[in-house]
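Written below as structure tokens is the structure these notes are about.
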Amino acid sequence: MTFDQNCVMESFDVTSLYTNVQNDAALQALSELLDKHARYINTFGLSKARVLILIRECLKCNIFKWSGEYYSQVRGLAMGQRLAPVLAICFMSRIEEPVLARLPIMYCRYVDDCCVVTSTQSEMDECFRLLNEQSQYIRLTRETPRDGWLSYLNTQMKLSNGIMHVKWYRKESSKNILIHARSAHPTAVKRAVLRNMFKTATKVCTSENERCESRRLALEIASKNGYPTSRCQRRPSRAGIQSRTPRDNKVPLCIPFISDKVSAALQQCILRQKCQDMRRTIAFIS
């Protein structure tokens with residue numbers, strides 16, 4: 001996708017989204033979405049009215065205890081409630097409708113973080129104003145690019161000569177703490193943590209220059225957590241990954257993790273008894 005040279009890019013963020021979403025407003029937004037997508041949603045025989053009644057009752061389960069006293073949250077979605085993220089997303093879809101109607105060049109949202117590209121600064125200001133006018137409790141903040149780069153989620157984006165450049169990003173407030181190399185965790189877990197970090201760092205990038213920069217940042221984070229650089233740069237063996245036997249119909253054997261040496265010895269015992277095709281070993285941290 002190419003952009004005009006004069007395009008403007010900013011990110012918007014909602015201040016304290018969950019506690020500022022009214023339950024009634026969230027249910028109204030959900031009701032509208034149920035009407036809009038009724039033929040694609042399986043409600044398992046429940047009418048829309050009954051679904052909304054059940055959700056309303058669930059939202060009343062917001063009693064918590066603090067210092068020996070019981071409290072009830074009277075406004076906003078309760079943090080930690082399983083329905084809260086879904087209802088917050090439904091509510092935000094209603095908030096953003098006037099902006100989407102203006103057809104910005106690009107509009108992306110993840111829960112309450114928005115990335116917007118418009119043709120002019122005045123159009124960007126209008127989008128920001130519209131979002132802030134949809135609810136008396138919802139207030140958004142805005143961020144503009146610094147040195148050409150705009151931070152959005154775990155990426156930084158830059159518009160240059162009509163091309164969008166993206167690289168991996170870690171916030172200044174992030175402590176970049178991983179499972180330490182010397183931690184008493186299975187080696188497979190540590191390997192997976194590193195692999196996922198490097199995979200994310202490279203996948204989000206748009207060109208080799210950004211990829212190299214993101215890899216260097218990932219290597220620095222891994223090194224600070226005790227991992228040798230040589231180990232991080234080693235690519236996983238595809239043959240080893242593809243040779244794994246299917247896990248279907250295997251009985252899980254759950255054992256507490258003590259050390260990689262103990263786990264390997266136990267695995268050898270299973271192999272000697274020719275039970276590897278009947279059960280799979282799962283080590284857990286006790």
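Counting in full-length UniProt numbering, the sequence shown runs from 1 upward without gaps. In this text, a Cβ means the ideal position worked out from N, Cα and C, and glycines have one as well.
Is TRP168 closer than 8 Å to LEU217 when the C-beta atoms are compared?
yes
Along the chain, where does the alpha helix (DSSP H) that runs through VAL116 open and close?
No alpha helix (DSSP H) contains VAL116, which is instead part of the beta strand (DSSP E) from 113-118.
I'd like the span of the beta strand (DSSP E) that includes PHE12, first residue to last.
For PHE12, the enclosing beta strand (DSSP E) covers residues 8-14.
Using DSSP bridges, identify the partner residues of LEU2.
Going by the sequence as given, residue 2 is Thr instead of Leu. Paired residue(s): ILE163.
Please go through the segment 54-87 and give each complete beta strand (DSSP E) segment of 3 or more residues, from N-terminal end onward.
63-66, 69-72
Using alpha carbons as the reference points, say which of ILE179, TYR70, ASP112 lies closest to ARG142.
ASP112
Touching or not, the segment 65-82 and the segment 12-27, by the rule of three or more beta carbon pairs under 8 Å?
yes
So what's LYS199 in DSSP terms, helix, strand or just coil?
helix
Roughly how many angstroms separate the alpha carbons of LEU46 and LEU33, rounded to a whole number?
16 Å
Quickly, what does DSSP pair GLN156 with across the bridge? List them, please.
SER151, LYS167
Measuring alpha carbon to alpha carbon, tell me which residue in PRO98, VAL8, PHE12 is nearest SER122.
VAL8
Tell me whether PRO228 sits in a helix, a strand or coil according to DSSP, three-state version.
coil
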